[in-house]
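All remarks here apply to the structure that follows.
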């Protein structure tokens with residue numbers, strides 16, 4: 518492996534059409550680059566609002582979409598140039614957990630059948646008996662066991678249990694990279710923490726790196742080692758969680774941090790009210806910084822020229838404020 | 104007609120008395136007991152939060168308070184009294200429907216529903232929704248005044264003015280949500296019932312909507328009932344808070360007290376399990392999951408998950424215990440006079 522780099526997303530751009538017949542294009546992701554190491558395994562949190570491109574980025578890494586520019590390299594191999602064997606290998610290596618556990622599973626099939634099929638498909642296991650111990654091990658990892666779920670359908674589980682089952686499914690093949698798309702946002706507060714702790718255990722005991730996508734900064738801090746902030750398809754700031762969290766540089770990161778509603782009554786006086794604005798496609802098409810028209814520090818050139826990527830204090834920030 | 108008005112002492116604006124209701128499943132003999140003997144009082148100029156996990160009965164309670172009781176939802180017991188001005192209080196559940204619809208709904212009590220994206224008529228322009236609401240309530244207003252009203256309110260909720268000529272499907276979910284909020288506040292109601300007003304929006308918009316509602320509440324000195332599962336929303340908004348668990352209000356009191364020194368074991372575990380800004384120490388969740396309301400456990404509904412459960416908790420429902428002024432908790436730990 519080249520220097521412990523597991524995944525390298527390099528200059529990735531993805532365009533979508535809009536308007537009549539989708540002929541006009543806007544960039545849902547523009548020139549996104551970041552790296553993820555496997556030694557030590559890390560949890561990278563990608564944070565952004567609705568429409569920031571975070572799901573598009575995950576779909577690209579999962580090979581569900583093809584980028585319009587740039588490359589994604591996983592363990593030295595371009596994931597869009599894999600042969601058939603390579604694709605199977607990639608599926609064993611990279612797995613995902615999605616937002617809504619009730620939609621991830623087929624409602625009319627028994628949950629254990631589902632796990633058997635996944636194990637057979639991912640690990641080339643021919644017989645059910647061989648899969649039993651692997652499935653049981655994965656389920657025990659998330660605090661369940663095969664006896665308890667045998668023969669049940671999804672309606673017999675709570676959201677938290679079901680989400681843990683879908684994590685168990687994702688770790689059947691002991692992937693080196695696990696992608697999680699808002700896995701706790703559909704769960705009740707009392708069940709969230711236990712699912713979040715499971716992700717930490719996956720990092721510490723299985724040694725998998727995790728890309729965790731969310732819009733909730735409080736959980737992001739709880740779980741993450743590194744953070745990347747997406748705004749309108751641009752990675753505006755990335756770096757170690759502690760540094761970014763304690764001293765955000767980009768004005769957008771500052772605004773996000775202020776907007777967290779803490780479950781702490783003493784915090785309400787510290788929150789500055791924000792003025793509402795609406796998301797418009799023109800923000801994606803803006804030639805300069807996409808945040809310019811909401812930014813309290815915007816200078817005239819911000820709206821017309823794209824900000825450069827500047828490395829300060831272990832992190833990268835895209836903002837004219839820090840350009841020399 | 105005068106008989107439907109009721110006199111209530113003190114100066115509340117809305118009183119729910121021993122409300123009990125739920126959903127019936129036809130031909131199956133199943134009753135889902137979603138709201139079990141809930142009492143609440145709302146004073147003027149205050150924000151009351153109703154917190155609880157999904158399926159604990161918060162939205163059902165909101166529907167009953169608003170008088171939107173339609174099968175399969177039935178109310179078996181209780182009253183919801185609302186201040187109808189000089190004439191006294193009117194019961195939302197048994198009062199004359201015409202009076203309630205024309206005089207109370209929107210004028211005194213308005214409702215921001217959870218799926219506000221789906222309540223706008225897809226065949227009508229946004230502008231016409233506003234004009235029609237004025238008309239229905241018998242308010243003579245010229246088109247020019249409607250437009251100037253809309254201009255003012257759209258500006259404060261961050262909507263482009265062009266949106267008034269749009270059809271609902273042309274707008275994003277967040278924009279439709281804000282239009283419904285603008286509609287709900289149009290006739291300057293004295294009570295606003297907001298059922299998860301910010302579920303489908305992201306953090307920055309959420310703070311925007313909530314700070315707008317808060318500012319509006321301070322200016323007009325009205326009251327807001329905020330229903331949400333998100334304790335962050337409650338910490339930001341509430342003056343008083345009611346914690347619901349499986350159809351019961353288990354704790355009710357001053358928000359600051361409930362957040363800092365919760366008494367009920369459920370509230371305590373819930374607040375301990377919340378992740379605060381800048382926190383990383385490993386936290387424990389609450390074991391188990393909320394009960395099925397079609398077949399709730401006997402005794403206290405929280406006992407299967409409660410670390411302090413005693414014998415009495417498994418047998419009998421705990422009574423509501425008053426602790427000081429305006430603080431109630433429903434737990435055997437406190438009605439036995441020990442902690």
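Protein chains in written order, with this note's numbering: chain U, 518 to 841; chain D, 104 to 442. Even glycine gets a Cβ: it sits at the ideal position worked out from N, Cα and C. Computed from a predicted model, the values in this text were never measured in an experiment.
Per DSSP, the bridge partner or partners of residue i
i: residue 533(U); result: 543(U)
i: residue 586(U); result: 530(U)
i: residue 848(U); result: Chain U is shown from 518 up to 841; residue 848(U) falls before or after that span and cannot be answered.
i: residue 612(U); result: 695(U)
i: residue 326(D); result: 294(D)
i: residue 748(U); result: 751(U)
i: residue 154(D); result: 331(D), 346(D)
i: residue 120(D); result: 182(D)
i: residue 525(U); result: 552(U), 590(U)
i: residue 115(D); result: 146(D)
i: residue 432(D); result: 354(D), 424(D)
i: residue 757(U); result: 743(U)
i: residue 731(U); result: 564(U)
i: residue 829(U); result: 832(U)
i: residue 138(D); result: 124(D)
i: residue 844(U); result: A query on residue 844(U) cannot be resolved here, the shown segment of chain U reaching from 518 to 841 and no further.
Per-residue DSSP class, three states only, for residue i
i: residue 211(D); result: coil
i: residue 658(U); result: helix
i: residue 405(D); result: coil
i: residue 786(U); result: helix
i: residue 351(D); result: strand
i: residue 126(D); result: strand
i: residue 104(D); result: Caution applies to residue 104(D), whose pLDDT of 39 falls short of 50 and renders its modelled position unreliable; the value that the coordinates give is listed next. Residue 104(D): coil per DSSP, three-state reduction.
i: residue 176(D); result: strand
i: residue 229(D); result: helix
i: residue 840(U); result: coil
i: residue 739(U); result: helix
i: residue 270(D); result: coil
i: residue 835(U); result: strand
i: residue 234(D); result: helix
i: residue 629(U); result: helix
Residue environment, residue i, which counts as buried when at least 16 other CB atoms sit within 10 Å
i: residue 332(D); result: buried
i: residue 604(U); result: exposed
i: residue 351(D); result: buried
i: residue 799(U); result: exposed
i: residue 544(U); result: buried
i: residue 273(D); result: exposed
i: residue 207(D); result: buried
i: residue 538(U); result: exposed
i: residue 365(D); result: buried
i: residue 298(D); result: buried
i: residue 131(D); result: exposed
i: residue 363(D); result: exposed
Neighbourhood of residue i by C-beta, 8 Å cutoff - its chain only, sequence neighbours within 5 removed
i: residue 814(U); result: 768, 838
i: residue 726(U); result: 523, 524, 553, 554, 555, 558, 559, 560, 561, 693, 694, 695, 720
i: residue 668(U); result: 627, 629
i: residue 712(U); result: 677, 680, 681, 684, 700, 701, 704
i: residue 306(D); result: none
Sequence-distant residues of the same chain with beta carbon closer than 7 Å to residue i, five excluded per side
i: residue 541(U); result: 534, 535
i: residue 291(D); result: 323
i: residue 438(D); result: 421, 422, 424
i: residue 222(D); result: 216, 283
i: residue 549(U); result: 526, 529, 574, 752
i: residue 315(D); result: 259, 260
Neighbour flag for residue i against chain A, beta carbons, 8 Å
i: residue 745(U); result: The structure shown has no chain A; the protein chains it does contain are U and D.
Own chain residues within Cβ distance below 6 Å of residue i, not counting five before or after
i: residue 346(D); result: 154, 353, 354, 370
i: residue 257(D); result: 264
i: residue 762(U); result: 738
i: residue 134(D); result: 125, 127
i: residue 588(U); result: 527, 595
Closer than 7 Å: residue i CB and nearest the ligand COA heavy atom
i: residue 558(U); result: With respect to the ligand COA, the structure shown offers nothing to examine, as it has no ligands at all.
Stretch pair the region 372-380 of chain D + the region 810-825 of chain U: three plus CB contacts closer than 8 Å:
no
Could you check whether the region 324-343 of chain D touches the region 142-154 of chain D, counting it as contact only if at least three pairs of C-beta atoms, one from each stretch, sit closer than 8 Å?
yes
Could you tell me whether the region 632-639 of chain U touches the region 678-694 of chain U, using the rule of 3 or more Cβ pairs below 8 Å?
yes
Inspect the CB distances between the region 154-174 of chain D and the region 816-834 of chain U and report whether three or more fall short of 8 Å.
Using a C-beta cut-off of 8 Å, the region 154-174 of chain D makes no contact with the region 816-834 of chain U, since fewer than three inter-stretch Cβ pairs fall below that distance.
Count the C-beta pairs between the region 115-124 of chain D and the region 182-189 of chain D that are closer than 8 Å, then say yes if the count reaches three, no if not.
Judged by Cβ distances under 8 Å, the region 115-124 of chain D makes contact with the region 182-189 of chain D, as three or more pairs qualify.
Decide if the region 768-780 of chain U is in contact with the region 729-738 of chain U; the criterion is three or more beta carbon pairs, one per stretch, under 8 Å apart.
yes
Is the region 568-579 of chain U in contact with the region 736-756 of chain U, if contact means three or more CB pairs nearer than 8 Å?
The region 568-579 of chain U, when compared against the region 736-756 of chain U, does touch it at the 8 Å Cβ threshold.
Taking one C-beta from the region 231-247 of chain D and one from the region 275-289 of chain D each time, how about it: are there three or more such pairs within less than 8 Å?
yes
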